[in-house]
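Residue numbers (the UniProt record's numbering), protein chains in the order written: chain S, 1 to 189; chain P, 1 to 90.
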């Protein structure tokens, strides 16, 4: 490789472009600087590849927690807006990698529609997990314990919270139903 | 409010005219002397270099370090000073 100082300004400029070094005109005062930059770049061998490198960050199993606010005003709300029970089990997701995000999104869809349409009967609250989202309650427990190991929150505690909230909601709902039957029973002049 | 020095404020407040290179923020006596020895005896010559380097921060910092041995803070001060001056007057 011939010495950089013997190269013409145009050649230096071309070399700088090859190495992807942003530069201005090569004049007396800037020449030395660019020569130095080129020698550094050549020593490192940092020729940028023509293709763009895309890489996925493989994230370790992360568990997102969404704070759950108990539905205090459930009794007064229209029951059809049963988003809140979904949020209970929507809160934990394990992200294997960013590529799999699509799977998570797709898996969540059927769960939402199911809870919204089946509110007449007691809704079966199921945790939404990306890998097995269909009716596998039995497998949800081991899946939960799998997920919780890295998170630190015990799986059984979550199940317990689930059940308690589900029972509470069902209780409230059933009370509402019975109230509708005779709303004006008490009012009697 | 950014932490610019008094020197910086004074420099960017008006056209530099024939100000000495030591009027630049970050350039004191020692660095100023070194720059003068290399031929950069006025602030506008350093401005010229700044412009030839296309006002690029990294290039200008590297150049300043090579030419007069400025440290990171001095480089940053000088660059900021010149850039702001250019924003106002160029």
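C-beta atoms are modelled at their ideal positions from N, C-alpha and C, and glycine is treated no differently.
As the structure is a computational prediction, the values presented were derived from the model and not from experiment.
Are there 16 or more other CB atoms within 10 angstroms of the CB of residue i, so buried, or fewer, so exposed?
{"i": "residue 17 of chain P", "result": "exposed"}
{"i": "residue 39 of chain S", "result": "exposed"}
{"i": "residue 152 of chain S", "result": "exposed"}
{"i": "residue 70 of chain P", "result": "buried"}
{"i": "residue 10 of chain S", "result": "exposed"}
{"i": "residue 6 of chain S", "result": "exposed"}
{"i": "residue 21 of chain P", "result": "buried"}
{"i": "residue 32 of chain P", "result": "buried"}
{"i": "residue 77 of chain P", "result": "buried"}
{"i": "residue 24 of chain S", "result": "buried"}
{"i": "residue 85 of chain P", "result": "buried"}
Interface residues of chain P around residue i at Cβ under 9 angstroms?
{"i": "residue 44 of chain S", "result": "Going along chain P, no residue has its Cβ under 9 angstroms from residue 44 of chain S, so there is no contact; the nearest lies around 15 angstroms."}
{"i": "residue 152 of chain S", "result": "Simply none; closest approach about 41 angstroms."}
{"i": "residue 33 of chain S", "result": "53, 59, 62, 63, 66, 67"}
{"i": "residue 36 of chain S", "result": "62, 66"}
{"i": "residue 30 of chain S", "result": "49, 52, 53, 59, 63"}
Under 8 angstroms Cβ-Cβ, which residues of chain S neighbour residue i?
{"i": "residue 82 of chain P", "result": "What residue 82 of chain P touches in chain S: nothing, since even the nearest Cβ is about 14 angstroms away."}
Please compile the residues from chain P whose C-beta is within a distance smaller than 7 angstroms of the C-beta of residue i.
{"i": "residue 16 of chain S", "result": "Here the premise fails: no neighbours, minimum Cβ distance about 11 angstroms."}
{"i": "residue 20 of chain S", "result": "Within 7 angstroms Cβ-Cβ: nothing; residue 20 of chain S doesn't reach chain P, min ~13 angstroms."}
{"i": "residue 27 of chain S", "result": "52"}
Taking 8 angstroms as the limit between beta carbons, can you name the residues of its chain near residue i, skipping five residues before and five after?
{"i": "residue 23 of chain P", "result": "7, 10, 11, 16, 43"}
{"i": "residue 21 of chain S", "result": "34, 37, 38, 41"}
{"i": "residue 8 of chain S", "result": "none"}
Since residue i is in the alpha helix (DSSP H), which residue starts that stretch and which ends it?
{"i": "residue 66 of chain P", "result": "57 to 68"}
{"i": "residue 41 of chain P", "result": "That residue, residue 41 of chain P, is in no alpha helix (DSSP H); it is neither H nor E in DSSP."}
{"i": "residue 4 of chain P", "result": "Neither: residue 4 of chain P is in no alpha helix (DSSP H) and is coded neither H nor E."}
{"i": "residue 40 of chain S", "result": "28 to 44"}
{"i": "residue 13 of chain S", "result": "9 to 18"}
{"i": "residue 72 of chain P", "result": "72 to 89"}
{"i": "residue 32 of chain P", "result": "29 to 37"}
Between residue i and residue j, is the Cβ-Cβ spacing less than 8 angstroms?
{"i": "residue 81 of chain P", "j": "residue 26 of chain P", "result": "yes"}
{"i": "residue 46 of chain P", "j": "residue 35 of chain P", "result": "yes"}
{"i": "residue 49 of chain P", "j": "residue 65 of chain P", "result": "no"}
{"i": "residue 53 of chain P", "j": "residue 63 of chain P", "result": "yes"}
{"i": "residue 55 of chain P", "j": "residue 83 of chain P", "result": "yes"}
For residue i, which residues in the same chain have their Cβ closer than 6 angstroms to its Cβ, ignoring the five residues on either side in sequence?
{"i": "residue 57 of chain P", "result": "79"}
{"i": "residue 100 of chain S", "result": "Any reading at residue 100 of chain S must be qualified, since the residue scores a pLDDT of 46, below 50, and its modelled position is unreliable; the value itself is stated next. Closer than 6 angstroms at the Cβ level, and outside the excluded window around residue 100 of chain S, lies no residue."}
{"i": "residue 15 of chain S", "result": "38"}
{"i": "residue 4 of chain P", "result": "none"}
So with CB distances below 8 angstroms, who are the chain P contacts of residue i?
{"i": "residue 24 of chain S", "result": "52, 53, 54, 56, 59"}
{"i": "residue 39 of chain S", "result": "Result: empty, since nearest Cβ-Cβ is about 13 angstroms, beyond 8 angstroms."}
Can a CB atom of chain A be found closer than 8 angstroms to the CB of residue i?
{"i": "residue 49 of chain P", "result": "Protein chains in the displayed structure are S and P, and chain A is not among them."}
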